[in-house]
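Let me begin by presenting the structure, written as structure tokens, before commenting on it.
See the structure below:
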């Protein structure tokens, strides 16, 4: 069969593909939020000097970095409901299983990103904050985190883009995201080229928009940092003259 442009454009503007793309992005967003929250506390545990915090965090990271995301999704949807009766209710949908499963896996990688970002901040700055009477929490919020966020942004953006693509794994648990939408159409019509090409276009658009947003965020944080440095250079001669 030859490539049929009419079928391709018909699917490209169809509500099924748009809804599938929206579900893919929603799964990625919620997974990243969950992964960032869990990963932050895992990173604190990994950098802690107490073994009671360090050991569980290290075991979590080791465990979920070793298990394929596809296997975690299958366990979330098929195995856990057999063990936990509450998961057999109607509220536990493939969407919830998908973003929770991917979030748990991604948390192991986000923990390493956050940990490396926190360790990249000079310890002398935290000590200076403590010397000024700041509490550990305020030191983390006012000194360490703002610098760590700027360092963690590029790899976090890459992980987010990866999650959009990993959301296609949720097709095995009957979540009708973008790839599943294309596959359903292929199973009905056997028009592989047109349906898969439409899915490719959607993925390209999503990743392009996310890349532009990531670049804008990185420039904003870089501009803020440079502006502060420039301001300090301008004020330094005036301060010396005043002395």
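Residue numbers (this note's numbering): 399 to 641. Glycine residues also receive a C-beta, built at the ideal position from the N, C-alpha and C atoms.
Query                                                                                                  : Result
Where residue 614 falls, given that 16 or more other Cβ within 10 Å makes a residue buried             : exposed
CB contact flag (residue 418, residue 576, <9 Å)                                                       : yes
Proximal residues to residue 470 (C-beta, below 7 Å), its chain only, five neighbours per side dropped : 499, 502 and 503
Uninterrupted alpha helix (DSSP H) stretches inside the segment 471-544 (no shorter than 4 residues)   : 478-481, 492-518, 521-529 and 534-537
Residues near residue 537 by beta carbon distance below 7 Å, same chain, minus five either side        : 524, 527 and 528
The segment 545-565 / the segment 509-521 touching (three or more Cβ pairs under 8 Å)                  : yes
Run of the alpha helix (DSSP H) containing residue 414, from where it starts to where it stops         : 413-445
Span of the alpha helix (DSSP H), counted from its first residue to its last, around residue 584       : 576-587
Reduced DSSP secondary structure (H/G/I, E/B, other) of residue 466                                    : coil
Buried versus exposed, by CB contacts within 10 Å (16 or more), residue 521                            : exposed
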